[in-house]
Amino acid sequence: MPDPIVVEELELLEKVSRRIAEMDEPVTANEAPIVEELKSIREQLLDGSEAKDTLALTQQWHRQSALLAQLRSARGAPQIDPGSPYFAHLRLEENDQIRDVCVGRATCIDGGVRVVDWRNAPISRIYYRYQQGEDFEEKLADRVRTGVVVARRTLNISDGVLHRVEAPEGIFALDETRPDGWTRIEREPPRLAGGESSAVRAHELDEGAASRLGADRAGPRRLDKRLPEITGLIDPEQFGLITRPSAGFLAIRGTAGSGKTTVALHRIAYLAYADARIDSEETLVAVFSPALRNFVSHVLPSLGLGQVRISTFSEWAVQQRRRHFPQLPRGARDDAPVIVQRIKLHPLLDTALRNHVAREPGPRNSTQAIDDWASAITNLALLEEANQAETEPAFSSEQLRRFVEWNQRRNEELFARLDGDAHNRAELDPEDDALLLRAWQLRAGPLRLRGKRPIRYRHIAIDEVQDFSPIEVRVLLDCLDRNRSITLAGDTQQHVIENSGFTSWSGFLS
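Structure, rendered in structure tokens:
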């Protein structure tokens, strides 16, 4: 006979599955009559009825509009997955009454079954903020609820089968070799982790990277192939970050393996629940490397997000530069000296560009933006001024002189090609993409889509932000809509690119 905890979870899953199977397909009302009614009301309002009729018609308009919005919202609500209806189970005691609440990705409250969406149901906060045995106090539905968390369990259910139960009393894994079908594993608290070149998984707290639940171990542990669902591993601090208001900046700072990436992605899923347009090309996840892009591309669909744009900054910037500056060479060279790379990534180039554009009037077009960029990287006096404006000058006069000489030679090649010298193999440095886009923003205004509409993202998430240069982030910031909704995840102790210009969080944010 399996452990009583397993028996309870099997019985609960059977009850939920049976109720889901009995439920009819969701039927949504036809919106056509409401739309026709709204058209009729609008025509009557435009006819200029008497004031008393106008007031009554206006109230009727608002009622019908609210009904239509509710109908459309219900049609777009996520539906519960019978194969994996929930990933967590709470048993709560309130006023001497016991009730079970399951936490999943959709809501189903019917026939004694309570499954709530982790992104939307206020009661899901209890799962993320309290441990088993703790007293809870939360304001739910405009009243304070108090009680005790009798049980708090994380589950793995797939194809309608319970594979794993994780509780304070132990971890229980399905095992066909055992008489009762289950193996009990010593309890090892997991933590959320993830990032480039790693899957999100549960690590043992006191062991290194080689220790993983269900991998590289002898004995019964190898039977535990299924880990808790990612969303079930979020801790209270991470949940607080995920559920912050959408507008404004959110910086997630943490060391390697602390789950920064996963928290940032869950935040997008949380925001998308309230705003369906978040799950679209209007959201950009910008990462540093193709490996991290592939990781994010794997995680987001598991959170119900299929339309978010995921790109390395270099891929995104090359695409935008070619669109805005089609006359420039498409190729890039990789032989620039280190000092050239460092200065082109440094914030002083943004200062030099801004100063040049402010002082030199010109047309708002790509040709002038190219001239602004070329001037900023070859004007020694302009660069020295920007360098001295830093709290501490970042470069010596000799370094700036060498930088200018390199760019003067490269610009001669470039402008000769633009003037028609087809034999000149002029190329850009990879760092020039962000500088050119910034020059466009300062001179011509917002970056634009193919249809010439401004690029205005509803949300941007930048992962491993410490490996972006500040000027690259500034380019992205100016692509946000008026809410300026952005999530920055990073660790100043990790640097893939040592010369990215990122020195500290305080310096970066200023």
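Residue numbers (our numbering): 107 to 616.
C-beta: ideal position from N, C-alpha, C; glycine also.
The structure displayed is predicted, hence computed values, not measured ones.
Residues that residue i bridges to, as DSSP identifies them
i       : result
Arg-253 : The displayed chain sequence assigns Gly, not Arg, to residue 253. In the DSSP output, where bridge partners are listed per residue, Gly-253 has Phe-242.
Tyr-563 : Leu-586
Val-207 : Leu-196
Val-267 : Ser-264
Ser-417 : Ala-392
Ala-273 : Gly-276
Ser-355 : The sequence as given places Phe at residue 355; Ser does not occur at that position. The partner list for Phe-355 (beta bridge, DSSP) reads Ile-592.
Ile-291 : Ile-277
Asp-223 : Gly-210
Arg-259 : His-195
Asp-569 : Ala-595
Leu-534 : Ala-438
For residue j and residue i, the rounded distance between their alpha carbons
i       : j       : result
Asp-535 : Ala-357 : 30 Å
Asn-89  : Asp-569 : Outside the displayed span of the chain (107 to 616) sits residue 89, for which this structure offers no information.
Pro-188 : Arg-197 : 21 Å
Glu-421 : Val-393 : 10 Å
Arg-460 : Ser-364 : 37 Å
Pro-351 : Arg-231 : 15 Å
Pro-469 : Arg-590 : 28 Å
Asp-478 : Leu-520 : 14 Å
Leu-161 : Ala-138 : 24 Å
Glu-115 : Ala-247 : 28 Å
Leu-119 : Gly-239 : 23 Å
Leu-163 : Glu-142 : 14 Å
Lys-666 : Glu-128 : Past the boundaries of the shown model lies residue 666; the chain is included only from 107 to 616, so the question cannot be answered.
Pro-499 : Thr-418 : 31 Å
Thr-593 : Tyr-563 : 12 Å
Glu-200 : Gly-287 : 34 Å
Asp-381 : His-565 : 11 Å
Asp-216 : Asp-341 : 29 Å
Glu-491 : Leu-409 : 48 Å
Residue of the options minimising C-alpha distance to residue i
i       : options                               : result
Leu-586 : Arg-523, Pro-552, Val-254 and Asp-187 : Pro-552
Leu-261 : Thr-289, Gly-412, Glu-282 and Gly-338 : Gly-338
Arg-407 : Phe-431, Thr-368 and Pro-432          : Sequence check: residue 407 is Pro here, not Arg. Of the candidates Phe-431, Thr-368 and Pro-432, the one whose C-alpha sits nearest the C-alpha of Pro-407 is Thr-368.
Ala-227 : Ile-147, Thr-457, Thr-349 and Val-113 : Thr-349
Gln-547 : Asn-471, Phe-419 and Val-141          : Asn-471
Asn-513 : Glu-498, Leu-489 and Pro-499          : Leu-489
Thr-473 : Glu-120, Phe-401 and Arg-549          : Arg-549
Glu-343 : Ala-362, Gly-354 and Lys-366          : Lys-366
Gly-596 : Glu-498, Asn-201, Ala-162 and Ala-370 : Ala-370
Leu-583 : Phe-355, Pro-499 and Asp-153          : Phe-355
Ala-528 : Leu-152, Gly-210, Leu-434 and Asp-286 : Leu-434
Asp-441 : Arg-516, Val-463 and Ser-395          : Arg-516
Thr-457 : Asp-153, Glu-200 and Ser-481          : Ser-481
Glu-466 : Thr-289, Leu-280, His-452 and Ala-545 : Ala-545
Glu-578 : Arg-588, His-452 and Val-402          : His-452
Ala-194 : Gln-185, Asp-202 and Ala-212          : Ala-212
Ile-186 : Ile-291, Arg-125, Leu-347 and Ala-438 : Arg-125
Phe-345 : Pro-191, Glu-518 and Tyr-234          : Tyr-234
Cβ neighbours of residue i in the same chain (closer than 7 Å, five flanking residues each side left out)
i       : result
Val-424 : Asp-539
Ala-324 : Because Ala-324 sits at a pLDDT of 36, beneath the cut-off of 50, its placement in the model cannot be relied upon, and the following sentence gives the value as read from the coordinates. Hits under 7 Å: none found.
Gly-266 : Ser-123, Pro-188 and Gly-189
Glu-496 : Leu-454
Cβ shell of residue i (< 6 Å), same chain only, five flanking positions each side left out
i       : result
Tyr-236 : Phe-242 and Val-255
Thr-252 : Glu-243
Val-113 : none
Own chain partners of residue i with C-beta closer than 8 Å, once the 5 adjacent residues on each side are dropped
i       : result
Ala-104 : Nothing about residue 104 can be read from this structure; the chain reaches only from 107 to 616.
Val-510 : Ile-483, Thr-484, Asn-485, Leu-486 and Leu-489
Asn-493 : Leu-454, Pro-499, Ala-500, Phe-501 and Leu-506
Leu-555 : Ile-561
Leu-543 : Ala-423, Gln-426, Arg-427, His-430, Leu-553 and Val-581
Asp-525 : none
Below-8 Å beta-carbon distance, residue i vs any chain C residue
i       : result
Phe-193 : Absent here is chain C; the protein component of the structure consists of one chain.
Segment contact flag, the stretch 193–206 with the stretch 245–265, C-beta cutoff 8 Å, min 3 pairs
The stretch 193–206 makes contact with the stretch 245–265; the number of CB pairs closer than 8 Å reaches 3 or more.
Inter-stretch contact at 8 Å, needing at least 3 Cβ pairs: the stretch 108–118 / the stretch 273–284:
These segments touch.
Taking three-plus beta-carbon pairs below 8 Å as touching, is the stretch 446–461 in contact with the stretch 503–522?
When C-beta atoms of the stretch 446–461 are compared with those of the stretch 503–522, three or more pairs fall below 8 Å, so the two segments count as touching.
Do three or more CB pairs link the stretch 573–589 to the stretch 371–380 at distances below 8 Å?
As far as the Cβ criterion goes, the stretch 573–589 does not touch the stretch 371–380, which means the pair count is below three.
Three or more beta-carbon pairs under 8 Å between the stretch 377–392 and the stretch 409–416, yes or no?
Three or more beta-carbon pairs separated by less than 8 Å link the stretch 377–392 to the stretch 409–416, which places the two stretches in contact.
So, do the stretch 159–172 and the stretch 217–237 have three or more beta carbon pairs nearer to each other than 8 Å?
The stretch 159–172 and the stretch 217–237 do not touch, with fewer than 3 CB-CB distances between them shorter than 8 Å.
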